[in-house]
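Undergrad:
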Amino acid sequence: MKQLYVSFLLIFSLLLYAETATAQISHTATSTTASYKEVPIEGLSIYPNPASGQKVYITTKDNKPKIVEIYNVLGKNILSANLAGNELNISSLDPGVYIMKIQEGRSSATRKLVVR
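Written as structure tokens, this is what we have:
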């Protein structure tokens, strides 16, 4: 009888916690997507991707100076750089998946970067 009671409490607690967590995630996703608008960068090209060397090249139609920010999957800023050319040194990055935010003038883009 005691095991049945403990099992019931455990299942009830898990169901209650799962419902609360789902509501929080749903609310966060809604507020994030509603406030974000990106003006695309024309002719954006990032290569090589996946990257296995120490450099990544970022080219655009206008080739204006760029602000590049690289974040890990937890959202922590790992690397920030102002590029006058098209070459970005990524030698400080460990192998993994990163999010790259590029800003050129008033335009911006977000891309995935894989480092091997």
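FYI, the numbering for the sequence shown is -23 to -1, 1 to 93, going by mature numbering (1 follows the signal peptide of the UniProt record, and there is no 0).
Just so it is clear, CB atoms sit at the ideal spot from N, CA and C, and this is done for glycine as well.
These figures come from a predicted structure and were not determined experimentally.
1. Could you name the residues of the same chain whose beta carbon sits closer than 7 Å to that of Ile44, not counting the 5 residues immediately before and after it, in chain order?
2. Please classify Val33 as buried or exposed, where buried requires at least 16 other C-beta atoms within 10 Å of its C-beta.
3. Quick one: is Ala11 buried, meaning 16 or more other Cβ sit within 10 Å of its Cβ, or exposed?
4. Just tell me which of Lys38, Lys53, Asn26 and Asn40 has its CA closest to the CA of Lys89.
5. Between which two residues does the beta strand (DSSP E) harbouring Ile76 extend?
6. So is Ala61 buried or exposed if we call it buried at 16+ other beta carbons inside 10 Å?
7. Quick one: using the 10 Å Cβ neighbour count with 16 as the cut-off for buried, is Thr37 buried or exposed?
8. Consult DSSP for Ser3 and reduce its assignment to one of helix, strand or coil.
TA: Once the coordinates are examined:
1. Here residue 44 refers to the residue found at position 67 when the sequence shown is read from its first residue. Only Asn59 and Gln80 meet the Cβ criterion.
2. If you number the sequence shown from 1, residue 33 lands on position 56. Result: buried.
3. Here residue 11 refers to the residue found at position 34 of the sequence shown. Its pLDDT being 48, under 50, Ala11 is placed unreliably in this model, and the coordinates cannot settle the point.
4. Position 112 of the sequence shown holds residue 89. Nearest C-alpha to Lys89: Asn26.
5. Along the sequence shown, one-based indexing puts residue 76 at 99. Run containing Ile76: Gly73 to Glu81, per the beta strand (DSSP E) assignment.
6. If you number the sequence shown from 1, residue 61 lands on position 84. That one is exposed.
7. As a working mapping, residue 37 is identified with position 60 in the sequence shown. By the 10 Å Cβ count, Thr37 comes out buried.
8. As a first step, residue 3 must be located in the sequence shown, where it is residue number 26. Confidence at Ser3 is low in this model, with a pLDDT of 49, below 50, so the placement of that residue should be treated as unreliable; the coordinate-derived value is given next. Assigned with DSSP and collapsed to three states, Ser3 falls in helix.
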